[in-house]
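Colleague:
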Amino acid sequence: MQPFTAKVVEVIKGIPAGKVMTYGQVAAAAGSPRGARRVVWVLHSLSEAHSLPWHRVVNAKGEIALPGDEARYTQRAMLEEEGVLFDGDYRVDLERCRWQAEKLEGDE
DNA sequence: AAGATGACTAGGT
DNA sequence: GACCTAGCCATCT
534 MQPFTAKVVE
544 VIKGIPAGKV
554 MTYGQVAAAA
564 GSPRGARRVV
574 WVLHSLSEAH
584 SLPWHRVVNA
594 KGEIALPGDE
604 ARYTQRAMLE
614 EEGVLFDGDY
624 RVDLERCRWQ
634 AEKLEGDE
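Using our numbering, the letters of the first sequence correspond one by one to residues 534 to 641.
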């Protein structure tokens, strides 16, 4: 596993309930400011086994990024359950619910 | 090695 | 706000 992947996991684990982060933020916190798409890839490879709060990661507009209606509905339900405020049907209130993680530069 | 792909983003129309 | 384009970067064909 690459260090970047490990950092992404750490960052996402650090998002408290009721808060969300964007792909760009997660990538930056993991040390790759332009690596939003790498985060996507990491999530694809992790989505199965880990009990990671992946649902707290949304795109830059605050929208749920999952494809398909069912998955999006489920994610929104989980977020609302945690107290995340929604701006629209599938858009969270980023101003209120964005979480600023600490940057993890050094090795862990 | 070259092109396509993805749960992305920023900037322009 | 909706839509398009050009960057982005690891992985897969």
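Ideal placement from N, C-alpha and C gives every residue a C-beta, glycine not left out. Just so you know, these numbers come straight off a predicted model, no measurement behind them.
So, do the stretch 553-571 and the stretch 621-632 have three or more beta carbon pairs nearer to each other than 8 Å?
Modeller: As far as the Cβ criterion goes, the stretch 553-571 touches the stretch 621-632, which means the pair count is three or higher.
Colleague: For E641, I'd like the list of residues in its chain whose CB is within less than 6 Å of its CB, leaving aside the five on either flank, ordered along the chain.
Modeller: Here the question's residue 641 lines up with position 108 in the first sequence. Residue confidence for E641 is low, a pLDDT of 46 falling below 50, so the modelled location carries little weight and cannot support an answer.
Colleague: Give the straight-line distance between the Cα atoms of V679 and G616, rounded to the nearest whole angstrom.
Modeller: Past the edges of the chain, shown from 534 to 641, lies residue 679, and the structure says nothing about it.
Colleague: If you check the beta carbons only, do G595 and R624 fall under 7 Å apart?
Modeller: Indexing the first sequence from 1 puts residue 595 at position 62. Indexing the first sequence from 1 puts residue 624 at position 91. Contact flag set, yes.
Colleague: Between the C-alpha atoms of K540 and L637, what's the straight-line distance to the nearest angstrom?
Modeller: In the first sequence, residue 540 corresponds to position 7, counting from 1. In the first sequence, residue 637 corresponds to position 104, counting from 1. Taking the straight line joining both Cα atoms gives about 7 Å.
Colleague: How long is the line joining the alpha carbons of E618 and H583, rounded to whole angstroms?
Modeller: Within the first sequence, the letter at position 85 stands for residue 618. Within the first sequence, the letter at position 50 stands for residue 583. Sequence inspection shows Leu at residue 618; the Glu mentioned does not correspond to that position. Whole-angstrom Cα-Cα distance: 25 Å.
Colleague: Taking the alpha-carbon of L627 as reference, which of G547, P600, A593 has the nearest alpha-carbon?
Modeller: Stepping through the first sequence from its first residue, residue 627 is reached at position 94. Comparing Cα-Cα distances from L627 to each of G547, P600, A593, the minimum goes to A593.
Colleague: Can T607 and V575 be called in contact, C-beta distance under 7 Å?
Modeller: The count along the first sequence starts at 1 and reaches residue 607 at position 74. The count along the first sequence starts at 1 and reaches residue 575 at position 42. For T607 and V575, no; Cβs fall outside 7 Å.
Colleague: Over the uninterrupted alpha helix (DSSP H) stretch that includes F537, give me the two end residues.
Modeller: Counting from 1 along the first sequence, the entry for residue 537 is found at position 4. Here the alpha helix (DSSP H) through F537 covers 536-546.
Colleague: Based on Cα-Cα distance, which residue from G564, E614, P600, G601 lies nearest to P586?
Modeller: Stepping through the first sequence from its first residue, residue 586 is reached at position 53. When each option's Cα is compared against that of P586, the closest is E614.
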